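Order-wise, the sequence lines are chains A and B.
The opening position of the first sequence corresponds to residue 1 in our numbering, with each subsequent residue numbered one higher.
The opening position of the second sequence corresponds to residue 1 in our numbering, with each subsequent residue numbered one higher.
Read the structure below first, then the notes.
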Amino acid sequence: MARALALCNAWVQKGPERALWCFYLMDFLRWLFDSSDWPQRWHCGEWSALHGYTHIAADLAIAGAYFAIPVALLILTLRRGRDLPFPGVFWLFCAFIMSCGLGHFIDAMMFYQPSYRVLTGVKVTTAAVSWFTLIALIPVVPRALALPSIVRANAQLARENEARRAAQAALRARNHTLRQKSQELEQFVHTIAHDLKSPLVTMGGFVAIARAELNQGRHENLEKNLARVERASQRLGELTQGLLDLARAGRALGPHTSVDVQALVERLAAELRARAAGSKLRIEITTPLPPVPADAGRLGAMFENMIVNAINHNYPDANGEVRIGAELHENHVHYFVSDDGPGIAPEHQQRIFGLFQRLSRNDGSTGVGLALVEKVARVHGGRVWVESTPGKGATFWVALPRVATEEPEAVDIDRSDDQPIIEAKEAAWSKGATLD
Amino acid sequence: MVQGSDAGLSTVRKLSILLVEDNPDHAALLRITLQYDQRVARIEWVCEPTEAFERLRHGDFDLVLLDLDLGLTSGFDVLMGVKADAALRRTPVVILSTSDAPRDRRRAYDLHANSYVVKPVDGRQMGARLADVIRYWAVCDAGAALRQ
């Protein structure tokens, strides 16, 4: 303080005109703060002590709050590290509310120091700042209202993120299904190319041999060779029919109804017993078969193929038995069909469900039945497996969900408009095309 | 005498052939087609991969004709086994398959098949195609000397 006074003194000492300016200033301030023309507010009218102090306290409280508001706003904004939206209006608002606070503070002082000129000056300033603030606010308000609240924006973002994640998961699932389908298609084309050609090679070969022998006037092998051609053409017919059945089994499912598996299998067993009449084979239902939601037609085809497979693989002359039953699990029903046949070695248990895979050429099957069983189970959201010890028969299991699931298999890719899916589909076809 | 030491290589040999084929009709077709071929000494036919190894170890074969579709086991397993066996791997293995899929051909050559022949659907081509195979391994293949 003493240093400030010394500086002031030094400044004044530099010239007589400065002393004069100083004098004018002091004079103005003295005039400004002069209160001799007015009485203290306590003496202006009749104030009770309670009324007066309440008035003073209220003014001071308002002033305190008005000073605190811009400080609090500034601290909170800066601490969050956010940029100020509309900085000009923000600072104008600070000045406006500070000068309002100053006005209330001086109003309170009027009870002791009635410097009404200072009060007037502050009020004029407040009025000016208020109007400036108003004018500055007019263009800003619509934009400020357009700012979404942070909370709303965050919620919106969270919703969008969630939707995006779900879409990505769905896309991944679909891509997986497509990759699977594309592999399946490739395998399918490969299998058809291989297995359908086999009888054709036989037919073409023996027709050529028969013709060559006829040209030589030899007839002794004709009957035998024609029989081979006939068998091959029958095999080709069976394979074609099997492929058609399999294609039908994989098509979009009909509506799921609760299928009475017990009644279904009893009917099938009766039919198949009649067909196998004369053989010693028995077909027994060993446990109750619980109902399951499914496409009834497909499920019938599935059980028929399982039972026929078991009949075909029992030793024909022994007292073989086909047993059909079920186990109830938490989410699935596990149905089984078991036989007393030769069984399947562990290394073949996975491949046995593949198209045209047969244990031996003479087992009387086309190699389509178990592929069809696998397909029907899969389109119902289930799965198949086999338990077997070679020499001790085999048990084929099908697990089907107790509550119908929407299976990605049922997605109709032809109607999908998702770009990646179409690309993947084209890739699958072009892959298939290179097989030629 | 121009041939000199080459004389042995250019002589027509008669081949002992092992046919590994589980389709009896195809086996019969191949045997009937080859029955009058002058370059074939004998054809032995087996269905099973295990049987094939058994015969290969004990018989003396000049050529293996191998089908790829042997029920649940694949002809590739036989091919792999032959080529992994130091005593057998110089015996030429010719794949005879109905499949002309690139991935089968690729896999066969990756497993060191000596040739890959597709069984023709047109019966009239079968004789010519098999005759070419036999002629090559009986006449052209100088590698046969390695197996003497």
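Note that the Cβ used here is the ideal one computed from N, Cα and C, for glycine as well.
Since the model is a prediction, treat every value here as computed from it, not as a measurement.
- Using a Cβ-Cβ distance cut-off of 8 Å, the region 331-345 of chain A and the region 199-218 of chain A are not in contact, since fewer than three pairs of beta carbons, one from each stretch, lie closer than that value.
- At a cut-off of 8 Å between beta carbons, A:R218 makes no contact with chain B.
- Against chain A, the beta carbon of B:R55 has no neighbour under 9 Å; the closest one sits roughly 20 Å away.
- DSSP places A:V122 inside the alpha helix (DSSP H), whose first and last residues are 116-146.
- A:G64 and A:G101 have their C-alpha atoms some 7 Å from each other.
- At least 8 Å separates the CB of B:D132 from every CB of chain A.
- Assignment of beta-bridge partners to A:G325 by DSSP yields A:F336.
- Distance from B:L96 to B:L65 at the Cβ level is roughly 5 Å; contact confirmed, criterion being Cβ atoms closer than 8 Å.
- Cβ contact annotation for A:C22 (same chain, cutoff 7 Å, sequence separation greater than five): V12, in chain order.
- The beta carbon of B:N23 sits closer than 8 Å to some beta carbon of chain A.
- For B:M126, the nearest beta carbon of chain A is closer than 8 Å to its own beta carbon.
- Rounded to the nearest whole angstrom, the C-alpha separation of A:M26 and A:A10 is 17 Å.
- Our two residues, A:A169 and A:N175, have alpha carbons roughly 10 Å apart in a direct line.
- A residue is called buried once 16 or more other Cβ atoms fall within 10 Å of its Cβ, and B:P120 is buried on that count.
- About 6 Å separates the Cβ atoms of A:V384 and A:F353, confirming a contact at the 8 Å cut-off.
- Taking the Cα positions, B:V133 is about 45 Å away from A:R378.
- The residue among A:E347, A:E266, A:V292 with its C-alpha nearest the C-alpha of A:I283 is A:E266.
- With a cutoff of 8 Å on beta-carbon distance, B:L18 and B:R55 are scored as near each other.
- The C-alpha of A:Q180 lies about 11 Å from the C-alpha of A:A173.
- Considering only beta carbons, the part of the region 26-44 of chain B lying closer than 8 Å to chain A consists of H26, A28, L29, I32, T33, in chain order.
- Around the beta carbon of A:R235, a 10 Å sphere encloses 16 or more other beta carbons of the protein chains shown; the residue is thus reported as buried.
- A:V398 is bridged by DSSP to A:Y335, A:V384.
- When secondary structure is reduced to three states using DSSP, B:R42 falls in the strand class.
- When the five nearest sequence neighbours on each side are left out, the beta carbons in the same chain lying within less than 6 Å of the beta carbon of A:Y66 are those of I97, C100, G101, in order along the chain.
- At a C-beta separation below 7 Å, B:D122 has these neighbours in chain A: G204.
- Contact between A:M302 and A:V373 holds: CB atoms are separated by about 5 Å, below the 8 Å threshold.
- Each residue's CA atom was taken as its position, placing A:A277 and A:Q241 some 25 Å apart.
- Not a single C-beta of chain B is nearer than 8 Å to the C-beta of A:L272.
- The bridge partners DSSP lists for A:P293 are A:S258.
- Around the Cβ of A:V151, a 10 Å sphere holds fewer than 16 other Cβ atoms; the residue is exposed.
- B:F76 has its alpha-carbon roughly 27 Å from the corresponding atom of A:F206.
- The three-state secondary structure of A:E284, taken from DSSP, is strand.
- Counting C-beta atoms within 10 angstroms of its own C-beta, B:D25 has 16 or more neighbours from the protein chains shown and is therefore classed as buried.
- With its beta carbon less than 8 Å from one in chain A, B:D69 belongs to the interface.
- The beta carbons of A:I311 and A:L268 sit about 11 Å from each other, so the pair does not count as a contact at 8 Å.
- When beta bridges are read from the DSSP output, B:V118 appears opposite B:S97.
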